[in-house]
Amino acid sequence: MKSKCTAVLMVACLLPLRCNGMAAERQTLCMCPKIFDPQCGVNGKTYANECERVCANVDLAHTGPCDKTEEEAGKAELVPTHESLEECINKCDWTFMPVCDVTAQTWGNMCELECGGRKPAHPGPCTPAEVEVAAAPVGWRGPSLDQLTKTKTVTVTLASGQKKTCECPVVAAFVCGMDGKTYANECTRDCHGAGQHHPGPCKGYDHPTAQEKCPCDKSFTPMCGVDGKTYQNLCYLQCFGVRKLHDGTCWN
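Residue numbers (UniProt numbering): 1 to 252.
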């Protein structure tokens, strides 16, 4: 049986609409944003944002995460749904919007946190104080869907003198470009024609050097070097002459 859903499903959940049909398994299909604006459903389950709750066809109990009593009543603890954590995370996109879970573990984005079956506490890396006690209090009301869909016009002058105009999201997810400059998000960075140095804002030592002109591809499989810097992939790490500390993004 073929799916009755059309291309509308790609944007349905960015608007107050629903998918106009069912898939073969009779599951509503939605493309939801990777953003954390938690809502508690009447089933006692915490959804990452309004889109995911609406897509699951669950009524709203209240904004913010469900508390433990509600979860026990709804019997809806967040649990991993994939065979392994690594397989699940590999299916997530590389959008860098770090989230701290209630056990004070930092994840690259909400998708990765859900792969680990954890409950979100707040955006951004966990603080040293939270890590020390292995607990992080819930206390954040992130960007709304309205903010997510807002864009602004970015106009830049390229090295050739040609002007380029891009429509980029207003919501910030800072990235550091290969030019040593911090950009609000990947869209703004790409509009300036700057390659990605690492997720997150540039630090004091993120300035262009001759080594940054490495003959590497643009694939993004981040690795943390012993210098505490995140490199786009193994090629860049080796080009800079830095030993690998671990796979993934550096958090400190």
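For every residue, glycine included, the Cβ atom is placed at its ideal position computed from N, Cα and C.
As DSSP reads the structure, Gly225 sits in a beta bridge with Lys244. In this structure, Thr182 keeps its C-beta atom at 7 Å or more from the C-beta atom of Val154. Between the alpha carbons of Asp101 and Gly161 lies a gap of roughly 46 Å. When DSSP states are grouped into helix, strand and coil, Cys250 belongs to the coil group.
With a cutoff of 7 Å on beta-carbon distance, Phe174 and Val99 are scored as not near each other.
Within a 10 Å sphere around the beta-carbon of Pro120 sit 16 or more other beta-carbons, which makes this residue buried. Relative to Cys66, the option among Thr165, Gln105 and Gly44 whose CA is nearest is Gly44. In the displayed model, Asp190 falls within a helix according to three-state DSSP. Cα atoms of Glu50 and Gly124: separation of roughly 20 Å, rounded to the nearest angstrom. Counting only residues of its own chain and dropping the five nearest sequence neighbours on each side, Arg118 has a CB closer than 6 Å to the CB of Asp101. Inter-residue distance for Gln238 and Cys214 is about 9 Å (C-alpha atoms, whole angstroms).
When the alpha-carbon of Phe220 is set against those of Val42, Asn57, Asp93 and Glu86, the nearest one is in Asp93.
In the three-state reduction of the DSSP assignment, Val54 falls in the helix class. Here Gln238 carries a helix assignment [DSSP, helix/strand/coil].
When the alpha-carbon of Lys163 is set against those of Cys176, His192 and Cys32, the nearest one is in His192. In this structure, DSSP gives Lys68 a helical state, which the three-state scheme calls helix.
An exposed status is given to Glu87, since fewer than 16 other beta-carbon atoms sit within 10 Å of its beta-carbon. In the structure shown, Cys176 falls within a strand segment according to DSSP collapsed to helix, strand and coil.
Cβ neighbours of Pro222 within its own chain (closer than 8 Å, five residues either side excluded): Trp94, His198, Pro199, Thr230, Tyr231, Gln232, Asn233, Asp247, Gly248 and Thr249. Of all alpha-carbon atoms in Ile89, Asn57, Cys40 and Thr63, the one lying nearest the alpha-carbon of Met110 is that of Ile89.
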